[in-house]
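**Student:** Numbering (our numbering), first residue to last: 608 to 1307.
There's a structure below that I have some questions on.
Here it is as structure tokens:
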């Protein structure tokens, strides 16, 4: 089948699916329209508006001085102030809007198919890395048809409205090609003509998996090649109407040929991949023409009455890409999409069991590459290690009796927020992270069943909740506004004072001015108290959001200040810790505090061979003074200690530790992937960290 024929058939199929989603969300859309008619500028949730406003301020899309001036003389609630910021962004654009738009436009190319000696335009694509181009699945459905296509950059008019000289490049699906029909996207490598990656010539779009790029009522801008014409920009009479899990509906004048175009917000961040118009339907579900008559296939797409447009959310595409089982070369290409994409870990093998080759119907995973996809793990499958007898609740795991010769033991002590999780999977995740680092260091991997994994997740949350008079918010990190984090996460009772001191000390270590009198903070100060300003400062200076920081420090405070909580946690940990032999203790986050206390409870037959702390708050005076050892010192005896920390990890903001802790201590600063700055797997995959552990274990 010719490329143009298959492209047209699938395009109509995608339009039908878009129409079904449009009908399904009609009640939501009507509610949005009623709010707009009533004068509500951004009929979205308070949470979405708050996240969007924070992103605009953080990226200086709205000057802080303008934000402050707009609310100076009014007493506004936090939601009203956030809406005011979004209004400024919508109504007034900085001069840079135009050159930034021109820069984004250079990344957009026209896609044409070669058929019978002719070149027929079939869609639009845009660069999302130095070498990868994104478009729709219905434009490039498979590697074979992609081989017949080419792309043209700079297919546009000049400032004098005369056609410019375009640059034609070939696609290389044999090296990399991934496509998914449901999300209607394709990702293919563009072959460079002179050895220089196309993205270095035309630029490329930094895709972001983060939320906060667009709210309902905000404008969107589309750049593409409608009907195969030279490049055009749709920037008027447009707005986001409805947001679904994987798709967006918006008003923007587009035509066939815009398939595969990037959908931008006013800051020229890609928010969606345009993939279809939404056709108008009669009461019998038949597609209508612009003149109101029933559309027939011979009428052509340009005769259809389009009522809206649909795009695929970029965050959904990135999430899908992150889960694909690709070979190392394919993962490396995805990693080139930059840190905001969340694909920097693409070079790592999956941390859990391999994906099955097919589902129950025999369908293989929905991805194709130039070479067969490969899914590997750091270690071969092994049977779970022995556990203590279950009592109906999740319990810690013990290593087998012959692990590391039976006299040396590797113990992992996890951090907070592990309640309700599969303990065996947690142990495998930690082991996979370490095995990744060991492999990079040229050392043999370990068997997850050879590790001890004390588990206190359920014990911690149960003990804390028993002692708190006010229930802690559920799923706070996803459902509440940014301005609520500090107060909503504050623990009850004496632990609150410790919680406040932890935040204040961490903010000071992050160089927050004593009075918070910067332009950005002046705005925040009019809305929330000092505690929230300190928390917001920490989030702005690191790669953790406010809720993650607040909940971690809350649980650290609860552990340190409530003796019942501390004893419950330590007793639970001790049940799955060896009572003799040499100990390699690897701890993370709150687990580093628990581990430091644990050193005071180990039996006389246990000798420490190595202590590893990762993402630790042990650099904060507030933590040190409340340890069982009574300060920044180890219990009796000297042993090697490696403290690994990431400058963008807010929990480790007090690091390095060498200036305050008197011990045989080595501080290691590492660079973790953005948005995973605090993850233990990120810390363990660094070869210099894993090598220290492997050497002591005798894994070399």
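From the three backbone atoms N, C-alpha and C, an ideal C-beta is built for every residue, glycine too.
1) Can you tell me whether residue 1120 is buried or exposed? The criterion is at least 16 other CB atoms within 10 Å of its CB, across all chains shown.
2) What residue does the beta strand (DSSP E) around residue 924 start on, and which one ends it?
3) Using the C-alpha atoms, what's the distance from residue 873 back to residue 822?
4) Mind checking which residues open and close the beta strand (DSSP E) that includes residue 936?
5) Check this for me: beta carbons of residue 1238 and residue 1116, under 7 Å apart or not?
6) Buried or exposed for residue 737, going by 16 or more other Cβ atoms inside 10 Å?
7) Express the C-alpha separation of residue 1255 and residue 1095 in angstroms, rounding to a whole number.
8) For a test of the three-state rule: what should DSSP assign to residue 1025, helix, strand or coil?
9) For residue 1048, I'd like the list of residues in its chain whose CB is within less than 7 Å of its CB, leaving aside the five on either flank, ordered along the chain.
10) Any idea if residue 900 is buried or exposed, counting beta-carbon neighbours within 10 angstroms, 16 or more meaning buried?
11) Mind checking whether residue 895 and residue 908 have CB atoms under 7 Å apart?
12) Going along the chain, which unbroken runs of the beta strand (DSSP E) with 3 or more residues stay wholly within the segment 1192-1247?
13) Going by beta carbon distance, what residues of the same chain come within less than 7 Å of residue 1235, once the five residues before and after it are set aside?
14) Which residue spans inside the segment 742-778 form an unbroken beta strand (DSSP E) run of at least 3?
15) Report the three-state DSSP secondary structure of residue 1063 (helix, strand or coil).
16) Hey, out of 1263, 1106 and 1220, whose CA is closest to residue 1248's CA?
17) Going by C-alpha to C-alpha distance, which of 876, 937 and 931 sits closest to residue 947?
18) Secondary structure at residue 848, three-state DSSP: helix, strand or coil?
19) I need the DSSP call for residue 786, collapsed to helix, strand or coil.
20) Return the CA-CA distance between residue 780 and residue 622, expressed in angstroms with no decimal places.
21) Between residue 1067 and residue 1176, is the Cβ-Cβ spacing less than 7 Å?
22) Give the straight-line distance between the Cα atoms of residue 1226 and residue 1212, rounded to the nearest whole angstrom.
23) Going by CA-CA distance only, name the one from 1170, 1142, 1101 and 943 that's closest to residue 1280.
24) If you pair each beta-carbon of the segment 1162-1177 with each one of the segment 1099-1112, do three or more pairs fall below 8 Å?
25) Measure from the alpha carbon of residue 1146 to the alpha carbon of each residue in 1093, 1186 and 1252, then state which is nearest.
26) What residues in its chain sit with their C-beta under 6 Å from that of residue 1246, if we drop five residues either side in the sequence?
27) Nearest-angstrom Cα distance between residue 807 and residue 1266?
28) By Cβ distance below 6 Å, which residues in the same chain neighbour residue 774 in space, the five residues on each side in sequence not counted?
29) Are the Cβ atoms of residue 1040 and residue 1197 separated by less than 7 Å?
30) Just to confirm my understanding: we take residue 1263, look at its own chain, exclude 5 residues before and 5 after, and list those with CB closer than 6 Å. What are they?
31) Buried or exposed: which applies to residue 838, given that a residue is buried once 16 or more other Cβ atoms fall within 10 Å of its Cβ?
32) Terminal residues of the continuous alpha helix (DSSP H) containing residue 1108?
33) When the distance is taken between beta carbons, is residue 1008 closer than 7 Å to residue 1183?
34) If we ignore side chains and look at the alpha-carbon of each, how far apart do residue 1304 and residue 1268 end up?
35) Across the segment 742-758 and the segment 714-723, are there enough close Cβ pairs to call them in contact, namely three or more that are closer than 8 Å?
36) By DSSP, does residue 834 sit in helix, in strand, or in coil?
**Tutor:** On the basis of the coordinates in this document:
1) exposed
2) Segment 921-929 is the alpha helix (DSSP H) holding residue 924; no beta strand (DSSP E) there.
3) 12 Å
4) Looking at the DSSP string, residue 936 is not in any beta strand (DSSP E); the run it does join, the alpha helix (DSSP H), is 935-942.
5) 7 Å or more divides the Cβ of residue 1238 from the Cβ of residue 1116.
6) buried
7) 24 Å
8) coil
9) 1294, 1297, 1298 and 1301
10) exposed
11) no
12) 1213-1221
13) 1204 and 1207
14) 756-760 and 774-777
15) Looking at residue 1063 - three-state DSSP - the assignment turns out to be coil, as it is neither helix nor strand.
16) Ranking 1263, 1106 and 1220 by Cα distance to residue 1248 puts 1220 first.
17) Considering only alpha carbons, the answer is 876.
18) strand
19) strand
20) 26 Å
21) Yes, the pair counts as a contact, with Cβ atoms nearer than the cut-off.
22) 29 Å
23) 943
24) Result yes; three or more Cβ-Cβ pairs closer than 8 Å.
25) 1093
26) For residue 1246, where only same-chain residues beyond five positions count, the Cβ hits under 6 Å are 1215.
27) 44 Å
28) 760 and 761
29) Cβ distance not < 7 Å, so residue 1040 and residue 1197 don't count as in contact.
30) 1274
31) buried
32) 1102-1116
33) Contact flag unset, no.
34) About 25 Å.
35) yes
36) helix
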